[in-house]
Amino acid sequence: MLSDAEAVTASFSADDLPEHHRDEFIREFYGRIQMRLQVSPDQEIPLKFNANTLILPEMMCTIASVSPMTWERTSELMADGNDDIILSWNRGGYRFTVPGRGDFETRPGTAAILPLDRRFSISTADSRWTMALQFKRALLAPLVRNLDDMRLDGIGRDHPAHRLLFDYLWSVLHMGRQSPARMTPLIARHVADILALSFGSIRPEEALPGIRAARLAAIKQHIARNLHDPRLNAEQAARRFGISARYVRQLFADEQTSFSDYVTEQRLASVHTCLTDRRQVLRRVADIAFETGFTEPSTFYRQFRLRYGMTPTEVRLRAATGEG
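For the sequence shown, the residue numbers in the UniProt record's numbering are 1 to 324.
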């Protein structure tokens with residue numbers, strides 16, 4: 001993190017590299033190391049990449065002119081745990097796909113909202129100018145409710161706050177090295193305030209009828225189909241639906257429970273159903289528990305007794321004698 005006194009600018013041009021090293025450098029250094037994205041330049045078009053970056057506390061802003069290419073946030077790269085958010089504007093607009101949320105297109109000058117804790121693929125045919133702001137999620141999380149539900153194409157040029165954000169960043173980037181170091185913390189605060197104003201003006205997708213409920217229902221169906229899998233967790237469900245594990249947990253927290261508690265409750269209910277089914281009276285309790293996803297017998301027996309006030313054997317006996 002930068003101190004308040006520091007301001008760093010960095011410039012890069014593919015023209016400064018030997019031609020036979022340009023593609024590799026952009027893929028490996030600029031893409032995978034700096035941006036933490038998988039970059040795939042269009043091989044049919046001569047490679048062009050010129051970028052200027054201003055690094056501020058908790059954020060960095062880049063303006064560039066690049067040839068057509070595709071940028072992807074892959075599962076492999078997501079292992080870094082980075083949950084920053086990128087806003088990216090582009091001369092020709094973007095086409096992008098987010099697993100679990102569908103395909104989107106942005107009009108020229110409309111930003112794509114790209115959370116780095118989700119997989120996505122984004123491409124454009126015209127990036128004669130492009131601008132991107134990458135910032136720490138913690139800057140907005142306390143200020144913007146339901147941050148994870150924002151429309152991914154929600155930062156346009158129609159709303160005054162959106163225009164202000166674009167114009168301010170554009171001006172700051174074009175100041176370049178002329179911007180005094182002492183202005184760095186002020187610029188960062190201004191950007192954070194305008195970001196909050198811009199995001200606050202977006203209608204969250206969760207406000208649209210049924211969006212959050214539909215997501216939660218789909219995750220619960222996924223849980224029901226995979227109770228037998230001991231690896232079932234919030235991270236696995238998040239990968240399945242192309243959303244963040246944090247968002248999955250928040251959906252269950254809104255119901256006053258947790259992902260793991262819900263899974264345990266469903267597994268216990270499944271075992272209880274088997275124990276009270278007279279057709280399954282010869283099955284061993286341990287086998288039923290194991291096939292329902294419980295891998296530790298002691299944990300299973302403790303949780304079962306805590307939930308039902310009886311041991312599995314007592315539940316089975318009561319059902320067999322007609323007392324259950």
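Using N, Cα and C, we set each Cβ at its ideal position, and we do this for glycine too.
Use the C-beta contact count for residue i: other C-beta atoms within 10 angstroms, 16 or more gives buried, fewer gives exposed.
i           : result
residue 260 : exposed
residue 181 : exposed
residue 223 : buried
residue 127 : buried
residue 244 : buried
residue 210 : In this prediction, residue 210 has a pLDDT of 49, which is less than 50 and means its spatial position is unreliable; what the coordinates show is noted afterwards. Residue 210 comes out exposed.
residue 280 : exposed
residue 268 : buried
residue 31  : buried
residue 321 : exposed
residue 252 : buried
residue 286 : exposed
Within the continuous beta strand (DSSP E) that includes residue i, where are the two ends?
i           : result
residue 72  : 69-73
residue 175 : Unbroken run through residue 175 is the alpha helix (DSSP H), 160-175; no beta strand (DSSP E).
residue 26  : Residue 26 -> no beta strand (DSSP E), and no H or E assigned at all.
residue 327 : A question about residue 327 goes unanswered here, because the residues of the chain that appear run from 1 up to 324.
residue 288 : Where residue 288 is concerned, there is no enclosing beta strand (DSSP E), although the alpha helix (DSSP H) it sits in stretches over 285-291.
Taking the alpha carbon of residue i as the reference point, which residue from the options has its own alpha carbon closest?
i           : options            : result
residue 75  : 160, 120, 300      : 120
residue 168 : 151, 152, 186      : 186
residue 90  : 98, 101, 108       : 108
residue 197 : 62, 226, 139, 321  : 139
residue 239 : 146, 289, 116, 29  : 116
residue 51  : 216, 249, 9, 156   : 9
residue 227 : 293, 218, 309, 166 : 293
residue 106 : 152, 11, 199, 21   : 152
residue 148 : 118, 68, 310       : 118
residue 49  : 129, 33, 171, 307  : 129
residue 60  : 309, 17, 21, 136   : 136
residue 45  : 68, 57, 56         : 68
residue 122 : 99, 241, 310       : 99
residue 230 : 189, 215, 33, 263  : 263
DSSP three-state call for residue i: helix, strand or coil?
i           : result
residue 42  : coil
residue 105 : strand
residue 66  : strand
residue 282 : coil
residue 232 : coil
residue 252 : helix
residue 128 : strand
residue 8   : strand
residue 13  : strand
residue 140 : coil
residue 18  : coil
residue 150 : coil
residue 268 : helix
Where DSSP assigns a beta bridge to residue i, which residues make up the other side?
i           : result
residue 274 : None; residue 274 has no bridge partner.
residue 115 : 85
residue 243 : DSSP output for residue 243 lists no bridge partner at all.
residue 90  : 130
residue 59  : 56, 135
residue 120 : 73
residue 155 : 111
Identify the continuous alpha helix (DSSP H) that holds residue i and give its terminal residues.
i           : result
residue 198 : 184-200
residue 300 : 297-308
residue 98  : Taken as a continuous stretch (DSSP letters only), residue 98 belongs to no alpha helix (DSSP H), being part of the beta strand (DSSP E) at 95-98.
residue 317 : 312-320
Regarding residue i and the ligand MG, is the C-beta to nearest heavy atom distance less than 7 angstroms?
i           : result
residue 188 : As presented, the structure is devoid of all ligands, the ligand MG included, so that no description of it is given.
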